[in-house]
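> Below you will find the structure I want to go over with you.
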Amino acid sequence: MEKKLKLRESVVKSLYLVFALTVIIGSAMLVKTMKEAKQVESEDDNYQYVSETPIVNEELPVINEVKKVLKPYLDENVKIGKNYYDYKADTKQQENAITYYDGKYLQNSGIDYVKEDAFDVVAVLEGTVTTVKQDEILGNVVEIKHQNNLITTYQSLSEVSVKQGDLVSQGQIIGKSGTNKIDKDMGNHLHFEVYSNGQVVDPNLYVDKELKNEQ
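As structure tokens, then:
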């Protein structure tokens, strides 16, 4: 009987020792796990989730920009001497848009702006000067190519301030008004034309109007 009691006490002590070791090891592992978790949390606090580079670049160019096409002059005293020949206009307007030259009646392909004294001529939009020439009949001519497949021409200039290949800004002076042989009775003036996709169009559709500039 005594041997059984001693055996039981020995078993109980062994179980208690195993339980104690288990508790100690478990506590140590728990402490280690908590330390690691705290370390990860600390590292996460310094982690940059958002790149320093902005997602939206505020310096990107505007795709569509609305601009107002300027008049090809600055002097407020300049008037229209002869308008564009419009096939849809009434008879009187059409008669006033015809030029007689060298025995022929010519339909006006632009607008003639007149003033007694020479006035500054400006680019109606920014663009590239593609032509500068002196024509025996038309006088000095400047042609500027713009965006939107637009081309503007400035004829009968007495002076030219630009050369071929120049980049001109909107409103920049490109010359002065003068005379030509076709409209010599008109005196000092500017003959102004607009071409869209290679076709001559009524400048009144563009001058002093808003134009969406596609970049």
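For the sequence shown, the working numbering gives the first residue as 49, with consecutive numbering after it.
Each residue gets a CB set at the ideal place from its N, CA and C atoms; glycine is no exception.
So, under 8 Å CB-CB, residue 226 and residue 206 are touching, yes? Tell me the CB distance rounded to an integer number of Å.
Position 178 of the sequence shown, counted from the start, is the residue given in the question as residue 226. Position 158 of the sequence shown, counted from the start, is the residue given in the question as residue 206. Yes, residue 226 and residue 206 are in contact; Cβ-Cβ is about 3 Å, under 8 Å.
> Would you mind listing the beta strand (DSSP E) stretches within the segment 183-246 that are 3+ residues and don't spill past its ends, in chain order?
Taking only runs of at least 3 residues, the beta strand (DSSP E) segments lying wholly in the segment 183-246 are 187-193, 198-208, 221-225 and 237-244.
> So, helix, strand or coil for residue 127, using DSSP?
Indexing the sequence shown from 1 puts residue 127 at position 79. Reduced to three states, the DSSP call for residue 127 is strand.
> When you compare the segment 183-199 with the segment 153-167, are there three or more beta-carbon pairs, one atom per stretch, that lie closer than 8 Å?
No, the segment 183-199 is not in contact with the segment 153-167.
> Using CA atoms only, rank isn't needed, just tell me which of 160, 186 and 212 is closest to residue 238.
Numbered from its first residue, the sequence shown carries residue 238 at position 190. It is 160.
> Per DSSP, what are the beta-bridge partners of residue 258 in this structure?
Taking the sequence shown and counting its residues from 1, one reaches residue 258 at position 210. Paired residue(s): 116.
> Among 215, 211 and 185, which one has its Cα closest to the Cα of residue 203?
Residue 203 sits at position 155 when you count from the first residue of the sequence shown. Per the Cα distances, 185.
> Here's the rule: buried if 16 or more other CB atoms are within 10 angstroms of the residue's CB, otherwise exposed. What is residue 201?
Position 153 of the sequence shown, counting from 1, holds the residue named residue 201. By the 10 Å Cβ count, residue 201 comes out buried.
> Does the beta-carbon distance from residue 135 to residue 168 come in below 8 Å?
Taking the sequence shown and counting its residues from 1, the one referred to as residue 135 is at position 87. Taking the sequence shown and counting its residues from 1, the one referred to as residue 168 is at position 120. Not in contact: residue 135 and residue 168 (Cβ atoms no closer than 8 Å).
> Between the beta-carbon of residue 126 and the beta-carbon of residue 256, is there less than 8 Å?
Stepping through the sequence shown from its first residue, residue 126 is reached at position 78. Stepping through the sequence shown from its first residue, residue 256 is reached at position 208. Going by C-beta atoms, residue 126 is not nearer than 8 Å to residue 256.
> Apply the 10 Å Cβ neighbour rule to residue 245 and answer buried if 16 or more other Cβ atoms are within range, or exposed otherwise.
As a first step, residue 245 is located in the sequence shown; it is residue number 197 there, counting from the start. Result: exposed.
> Please state whether DSSP places residue 122 in a helix, a strand or coil.
As a first step, residue 122 must be located in the sequence shown, where it is residue number 74. Residue state, collapsed to three classes: coil.
> By alpha-carbon positions, which one of 164, 188 and 113 ends up nearest to residue 230?
Within the sequence shown, the letter at position 182 stands for residue 230. Here the closest residue by C-alpha is 188.
> As an exercise, report each continuous alpha helix (DSSP H) stretch of at least 4 residues that is fully enclosed by the segment 136-188, in chain order.
Within the segment 136-188, the complete alpha helix (DSSP H) runs of at least 4 residues are 139-143.
> Short of 8 Å in beta carbon distance, which residues of its chain neighbour residue 243, apart from the five on each side in sequence? Order them along the chain.
Walking along the sequence shown from the start, residue 243 turns up at place 195. Result list for residue 243: 198, 199, 200, 201 and 249, in chain order.
> Rank 260, 137, 181 and 253 by C-alpha distance to the C-alpha of residue 223 and give the top, closest one.
Residue numbering aside, residue 223 sits at position 175 when the sequence shown is read from its first letter. Cα-wise, what sits closest to residue 223 is 181.
> Which value, in whole angstroms, describes the spacing of the CA atoms of residue 139 and residue 212?
Looking up residue 139 in the sequence shown gives position 91. Looking up residue 212 in the sequence shown gives position 164. Spanning the two alpha carbons is a distance of roughly 40 Å.
> Considering only C-alpha positions, which residue in the set 241, 260 and 258 is nearest to residue 131?
As a first step, residue 131 must be located in the sequence shown, where it is residue number 83. When only C-alpha atoms are compared, the closest one is 241.
> Using the beta-carbon count (16 or more within 10 Å), is residue 129 buried or exposed?
What you label residue 129 is simply residue 81 of the sequence shown in a count that begins at 1. Answer is buried; the Cβ neighbour count reaches 16.
> Have a look at 158, 144 and 216 and flag the residue whose alpha-carbon is nearest the alpha-carbon of residue 247.
Reading the sequence shown from its first residue, position 199 is the one you call residue 247. Of the candidates 158, 144 and 216, the one whose C-alpha sits nearest the C-alpha of residue 247 is 158.
> Suppose you measure from the CA of residue 165 to the CA of residue 171; what does that come to, to the nearest Å?
Position 117 of the sequence shown holds residue 165. Position 123 of the sequence shown holds residue 171. When rounded, the distance between both Cα atoms is 19 Å.
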